[in-house]
Structure formats: structure tokens, C-alpha cells
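Colleague: Numbering (the UniProt record's numbering), first residue to last: 1 to 405.
Beta carbons: idealized from backbone N, C-alpha and C, even for Gly.
Quick caveat: nothing in here was measured; it's all calculated off a predicted structure.
Here's a structure for you.
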């Protein structure tokens, strides 16, 4: 489709961005709270379980949200976003309501590890896919603004949870969050629209296999598997690792919020420049920078100042990686098939985030409660992703003069 056919602005387009922004506050923003629940469950309901066992809950949250795209992407292409968003609101809220009543491991797995993130998935994909249909020249910026909602949610929601639990208890804290999410989703359901009419057609296996025949897509997926295997680990263990390094309790519990606050700027500022100098150029650059932060700061430092510095820098750079990936995918895709291609790519990422945190928890246990092996693994996996992304960048002509990739 020619770039001139995209509105790249206008009231309806920016309303989609607004609705998508709110949708990501309550979906990906909630998933960004995993570090808070990892720490809380280890100290309360699940104190008799190991870090690795507890880590399956946040890992399942991220896995279900990303893996759901494999079928949600096809539903989006067939039926548009509205009904999917409404269904997502139901599953997300219902899952949190059930989690508020849960006291056992299997109950939390089903409610918070399966049901709620399934709803998040049904919110996340339509918001990102619909936004991409309205923009071309400003696509990275628009997607970055939508993605910044996940950071805002990752700031507000963990602070809200940590403040409310001592006052009203875990159960009513979860129910309060569920009611808030239900109200916000009403806005998203009525504002997020696709620019293209739905094209209902039978689901074929070929729809999911076809993208793999394209080398750029295959390389982007392979790089994303390694990158997501490493980049989600700090979100799960940043609080636990900080406490193990002697960071005061009053500061450590806010590290997830600090990380996500910094990520808000990382999801918007780099995207503005990516539309001008090249989306893959900025994306690959920030993958490299994030790897340096993991291996050069998080791994060796032990003082409070160093850990806070890492949290701020990693939040910014990882935010750029998360928000630019959909823009890079759209750049190498037929925009009218963006739903299913988003789903296929992020289903690969789902496997990575499913196993990443439990591997991190096992490495902590194997290291007798120390964190360096886990931190080194996180950095090494992201470094592997960067290398694959760099190969793709070169294949797309990134080293040629006057070529914007």
C-alpha cells in the first residue's frame, strides 16, 4: 500500500492512539507489575515455594499475553478489534477477581497466570494492530505513544498495589484494580477502530507458515526469541535482586515503578527519531545499549546508587526495544496482514518469556541465593538477540550510505 494512502493523523487516528494507550495501561502495564507479585507471593501466600516455582506465575502471565496473539491476530484480521477488546476486558477483570479469592498455588496459576493475561492478550494485539493501519510516516511515533501506556500502567499499578495491600488487604486490592481496569476499558472499546474493514475468511495453516518463508521475518523472530529470553528477567527479579544486594526496603519496592517511569520516555523519544533516521537503525542501536546496561552495570554493581542507576537506564533503553519491535515488523509486512504477523512473531516471544524467569529463578537457587549467574544469563541472551538483529539490519541494507532502514 502506498504511503500516501495512510492518513498519518486526524481526529479518528489520534483517538485510536488514545484508546490504544489506555488499553496498554491495563494490559501490558499490568504485566509489567510482575516483579511486585513475585516478591509479594514469595513473602506471603507462597512463602513455602521456591523462587523458581513462584516465577512460573509471572512467566505464564507474559507467555499467555504474547502467545494468545497466534489466534487473536487471525480473529483481528477477520472481525476487527471491537468484539475482541470487549472479550479481553471480561477475561482480564474476571481473572483478577478470581485471583483476589485465591490462596493456593494452583488457584493463582489459573487466575493470574492464565485467565487474566489471556484478557490482556485480547487487549494488547488489537490496540497495536489497529494503530499501525492509520499511520505510515509517523508509525513508530504513534506505536510508541500507544506502547508508553504500558509504562504508565507499570508506574501507577505497582504503587497502587503496594499502597493498598497494607490498608485494605490483598483481596480488595485486586478487586479495586479490576474495577479500575473495567472502567478504563470502556474507553478503549469505543475508540480503537481499524481503518480497514474486516476480511472474514477460513483459518488456514498456511496463514501462520507463510511469514516464515520470508528471511527478514524469520531473522526478526529468531532475534526476538533470544532478546525476550533475557530482557524480561530484570522485570521479574529487579526487586528481589536489589534486596539481596542490600538496597533499603522502602526504596527496593519502588524499583519496578522507577523502571517503568523511565521506560515511558524510552517508548516515545527514540520512536520520534526512528521515523526520521530509520526504525531498524534505532532499534538495533538500543538493543546493543540495553545489552551493555545488563552486562556492564546490573551484573557488577552492588550499591544502592548503582542499582538505581541501572533501573533508570535499563527502563529507558528496554522501552525503546519493546516499542520499536512492532514498528519494525510493520515495515517488513503487508499492513493488511499485520494482525496475524504480529501474532506469529509474539508467539515466538511467548515461549521465551515463559521459560526465561523460571530459568532465572533456577539459576538463583543453583547459585545459593546469589544473582550474578542469573544476571549474566539475561545479558548473554540479549546479546545473542542483538547479533541476529544486526545480521537482519545488514541484509536490509543498513550499512549502505543514504539508505534509511
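Please list, in chain order, all residues of the same chain as residue 298 whose beta carbon is under 6 Å from its beta carbon, the five residues on each side excluded.
Modeller: As a first step, residue 298 must be located in the chain shown, where it is residue number 298. Closer than 6 Å at Cβ, skipping near neighbours: 310, 375.
Colleague: In the segment 154-223, which residue ranges form an unbroken alpha helix (DSSP H) of at least 4 residues, counting only runs that do not cross its ends?
Modeller: Here the runs fully enclosed are 205-209.
Colleague: I'd like to know whether the C-beta atoms of residue 35 and residue 235 end up nearer to each other than 8 Å.
Modeller: Residue numbering aside, residue 35 sits at position 35 when the chain shown is read from its first letter. Residue numbering aside, residue 235 sits at position 235 when the chain shown is read from its first letter. Result yes, Cβ atoms of residue 35 and residue 235 sit closer than 8 Å.
Colleague: Are the CB atoms of residue 119 and residue 89 within a distance shorter than 8 Å?
Modeller: Here residue 89 refers to the residue found at position 89 of the chain shown. Here residue 119 refers to the residue found at position 119 of the chain shown. For residue 89 and residue 119, yes; Cβs fall inside 8 Å.
Colleague: Report back the beta-carbon spacing between residue 26 and residue 60 to the nearest angstrom; my notes put them in contact at under 8 Å.
Modeller: Here residue 26 refers to the residue found at position 26 when the chain shown is read from its first residue. Here residue 60 refers to the residue found at position 60 when the chain shown is read from its first residue. Not really, about 18 Å apart at Cβ, beyond 8 Å.
Colleague: So for residue 328, helix, strand or coil by DSSP?
Modeller: Here the question's residue 328 lines up with position 328 in the chain shown. Here residue 328 sits in helix by DSSP.
Colleague: Grab me the residues of residue 239's own chain with a C-beta within less than 8 Å of its C-beta, minus the 5 sequence neighbours each way, in chain order.
Modeller: Position 239 of the chain shown, counted from the start, is the residue given in the question as residue 239. The residues are 35, 36, 38, 39, 252, 253, 255, 256.
Colleague: In three-state DSSP terms, what is residue 134?
Modeller: Locating residue 134 in the chain shown gives position 134, counting from the first residue. Coil at residue 134, not helix or strand.
Colleague: Where does residue 268 fall in DSSP's three states?
Modeller: Start at 1 with the first residue of the chain shown, and residue 268 comes out as number 268. The DSSP-derived three-state label of residue 268 is coil.
Colleague: Starting from residue 350 and walking both ways along the alpha helix (DSSP H), at which residues does that stretch end?
Modeller: For this step, residue 350 is matched to residue 350 along the chain shown. 338-366 is the extent of the alpha helix (DSSP H) around residue 350.
Colleague: Nearest to residue 30 by alpha carbon, out of 46, 71, 161?
Modeller: Translated into the one-based positions of the chain shown, residue 30 becomes position 30. The option with the nearest alpha carbon to residue 30 is 161.
Colleague: Are the Cβ atoms of residue 224 and residue 325 separated by less than 8 Å?
Modeller: Looking up residue 224 in the chain shown gives position 224. Looking up residue 325 in the chain shown gives position 325. Against a cut-off of 8 Å, the Cβ pair of residue 325 and residue 224 comes out as a contact.
Colleague: Considering just the uninterrupted stretch of the alpha helix (DSSP H) at residue 38, what are its terminal residues?
Modeller: By 1-based counting over the chain shown, the position of residue 38 is 38. Counted as a single uninterrupted DSSP element, the alpha helix (DSSP H) harbouring residue 38 occupies residues 34-43.
Colleague: Could you check if residue 92 is buried or exposed, using at least 16 other CB atoms within 10 Å of its CB as the buried criterion?
Modeller: Numbered from 1 along the chain shown, position 92 holds the residue referred to as residue 92. It is buried - the Cβ of residue 92 has at least 16 other Cβ atoms within 10 Å.
Colleague: Who are the near neighbours of residue 7 in its chain, counting only those whose CB is closer than 7 Å to its CB and skipping five residues on each side?
Modeller: By one-based count along the chain shown, residue 7 stands at place 7. Closer than 7 Å at Cβ, skipping near neighbours: 13, 134.
Colleague: Between the segment 137-149 and the segment 320-337, are three or more C-beta pairs nearer than 8 Å?
Modeller: yes
Colleague: So which of 318, 280, 360 has the shortest CA-CA distance to residue 216?
Modeller: Residue 216 sits at position 216 when you count from the first residue of the chain shown. Nearest C-alpha to residue 216: 280.
Colleague: List the whole-angstrom C-beta distance separating residue 322 from residue 386, where the pair is believed to meet the contact cut-off of C-beta under 8 Å.
Modeller: For the purposes of this step, residue 322 is identified with residue 322 of the chain shown, where counting begins at 1. For the purposes of this step, residue 386 is identified with residue 386 of the chain shown, where counting begins at 1. Not confirmed; about 15 Å, so no contact.
Colleague: Within the same chain, show all residues whose beta-carbon is closer than 7 Å to that of residue 97, passing over the 5 residues directly before and after it, in chain order.
Modeller: Walking along the chain shown from the start, residue 97 turns up at place 97. If we look at residue 97 and ignore the five residues flanking it on each side, its Cβ neighbours are 175, 178.
Colleague: Is the CB-CB distance between residue 154 and residue 263 below 8 Å?
Modeller: Reading the chain shown from its first residue, position 154 is the one you call residue 154. Reading the chain shown from its first residue, position 263 is the one you call residue 263. Yes.
Colleague: Using the C-alpha atoms, what's the distance from residue 276 back to residue 317?
Modeller: Within the chain shown, numbered from 1, the residue matching residue 317 stands at position 317. Within the chain shown, numbered from 1, the residue matching residue 276 stands at position 276. Cα to Cα, the separation comes out at about 18 Å.
Colleague: Please determine, among 125, 212, 360, 300, the residue with the shortest C-alpha to C-alpha distance to residue 81.
Modeller: Position 81 of the chain shown, counted from the first residue, corresponds to residue 81. Measuring from the Cα of residue 81, the nearest candidate turns out to be 125.
Colleague: Going by beta-carbon coordinates alone, are residue 290 and residue 145 separated by less than 8 Å?
Modeller: Within the chain shown, numbered from 1, the residue matching residue 290 stands at position 290. Within the chain shown, numbered from 1, the residue matching residue 145 stands at position 145. No, Cβ-Cβ distance for residue 290 and residue 145 is not below 8 Å.
Colleague: Would you give the residue range spanned by the alpha helix (DSSP H) that residue 294 belongs to?
Modeller: For this step, residue 294 is matched to residue 294 along the chain shown. Here residue 294 belongs to no alpha helix (DSSP H), and DSSP marks it neither H nor E.
Colleague: Give me the residue from 103, 101, 404, 21 with the minimum Cα distance to residue 274.
Modeller: As a position in the chain shown, residue 274 is number 274, starting the count at 1. That would be 404, whose Cα lies nearest to the Cα of residue 274.
Colleague: Could you give the first and the last residue of the continuous alpha helix (DSSP H) run that contains residue 82?
Modeller: Residue mapping note: residue 82 aligns to position 82 of the chain shown, counting from 1. Looking at the DSSP string, the run of the alpha helix (DSSP H) that includes residue 82 is 82-100.
Colleague: How many whole angstroms separate the CB atoms of residue 64 and residue 121, which I take to be in contact at a CB cut-off of 8 Å?
Modeller: Numbered from 1 along the chain shown, position 64 holds the residue referred to as residue 64. Numbered from 1 along the chain shown, position 121 holds the residue referred to as residue 121. Contact holds; Cβ gap of about 6 Å.
Colleague: Return helix, strand or coil for residue 103, following the three-state DSSP convention.
Modeller: As a first step, residue 103 is located in the chain shown; it is residue number 103 there, counting from the start. Note: residue 103 maps to coil in three-state DSSP.
Colleague: Residue range of the alpha helix (DSSP H) that residue 51 falls in?
Modeller: Along the chain shown, read from residue 1 onward, the residue named residue 51 stands at position 51. Per DSSP, residue 51 belongs to the alpha helix (DSSP H) from 51-67.
Colleague: How many angstroms separate the CA atom of residue 248 from the CA atom of residue 76?
Modeller: Walking along the chain shown from the start, residue 248 turns up at place 248. Walking along the chain shown from the start, residue 76 turns up at place 76. Spanning the alpha carbons of residue 248 and residue 76 requires a straight line of approximately 46 Å.
Colleague: Assign residue 300 to one of two classes, buried (16 or more other C-beta atoms within 10 Å of its C-beta) or exposed (fewer than that).
Modeller: Taking the first residue of the chain shown as 1, we reach residue 300 at position 300. Its Cβ having fewer than 16 others within 10 Å, residue 300 is exposed.
Colleague: Check this for me: beta carbons of residue 43 and residue 365, under 8 Å apart or not?
Modeller: Here the question's residue 43 lines up with position 43 in the chain shown. Here the question's residue 365 lines up with position 365 in the chain shown. No; because the gap between Cβ atoms is not below 8 Å, this pair is not in contact.
Colleague: Keeping to the same chain, check which residues put their C-beta closer than 7 Å to that of residue 72; ignore five residues upstream and five downstream.
Modeller: Along the chain shown, read from residue 1 onward, the residue named residue 72 stands at position 72. 84, 121, 122, 125, 343.
Colleague: Here's the rule: buried if 16 or more other CB atoms are within 10 angstroms of the residue's CB, otherwise exposed. What is residue 283?
Modeller: Position 283 of the chain shown, counted from the start, is the residue given in the question as residue 283. With 16 or more Cβ atoms within 10 Å of its Cβ, residue 283 is classed as buried.
Colleague: Measuring straight from C-alpha to C-alpha, what distance separates residue 70 and residue 259?
Modeller: On the chain shown, residue 70 is found 70 positions in, with the first residue counted as 1. On the chain shown, residue 259 is found 259 positions in, with the first residue counted as 1. For residue 70 and residue 259, the distance between alpha carbons rounds to 29 Å.
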